[in-house]
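Let me begin by presenting the structure, written as structure tokens, before commenting on it.
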Amino acid sequence: MDRYSRSQLAELSGVPARTIRYYHSLGVLPKPGRAGKEAVYGDDHLERLQAIAAMQARGLRLDAIREVLDAEVPADGDWRELFDPRNPDTEPGSVIDDDQLSEVLGDRRPEILEELVSAGYVQPHGQRWRIPEPAMLTGALVLYDVGTDISLSGTLRTLIRTRIADLADEMVRAFRDAVGTSYGGEGVRPDLIRFQDRYRAAAREVGGATLAAEIERAVRELED
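Under the numbering used here, the first residue of the sequence shown is numbered 69, with each subsequent residue one higher.
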């Protein structure tokens, strides 16, 4: 088995050394071995960092990642099975059966299902149902419970997607313009891929909180 120093592990994985130490403190990355006074890492640490990055890209927070890594996964499988859209127990971007849809919608189902299908929150998928964006569906149900009809939440969904798409375009262009100067310097394609992999999970964490804060600001200003 190959052995790496923390700096070598950081270089191979693309995860900063300080983040590696943070992962140790959270328990999502095993502690290193020791060679004298030096910390020593192996291929298992590298594979774990790659798995963490992949799960973050799917939108999982670190506490959820720790639970996944602590779970007993069959010897002939891996954590990815937990998030395979073909698995009926999966959540992100899932295809679910009729009973599971009833669990999601609860007693709202008879009065709301047709509207959800019309708005694209729920899609028939053979004998099952596809939920393209679980977070958006959850938001629509929350808004419905406080008196906002599905057609209005669908309008808000379109507005959010349009504005976020514009913002994403601006961010990627800004990053692209910095390639070769202030950031990676390896060329447009490698640096954009690195940007995407590293910032996608952060965007999930920060974007929702930022939008909530801005909505609160807009409401206060409207009241004033």
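Heads up, the beta-carbon is just placed ideally off N, CA and C, and yes, glycines get one too.
On a predicted model such as this, the values are computed, not experimentally measured, just so you know.
Have a look at R116, H92, A125, S73 and flag the residue whose alpha-carbon is nearest the alpha-carbon of R102.
S73
Which residue marks the beginning of the beta strand (DSSP E) containing E106, and which one marks its end?
106 to 110
Span separating the alpha-carbon of Y90 from that of E183:
45 Å
List the endpoints of the continuous alpha helix (DSSP H) containing R198.
Premise fails: R198 lies in the beta strand (DSSP E), 196 to 198, not in any alpha helix (DSSP H).
Note down the Cα distance separating R225 from D165, rounded to an integer number of angstroms.
24 Å
Would L137 and H113 qualify as a contact pair, given that the criterion is a beta-carbon distance under 9 Å?
no
Helix, strand or coil for V287, going by three-state DSSP, please let me know.
helix
For G101, which of helix, strand or coil comes out of DSSP?
strand
P192 - containing beta strand (DSSP E), residue span:
191 to 193
Taking the C-alpha atoms as reference points, what is the distance between Y212 and Q191?
19 Å
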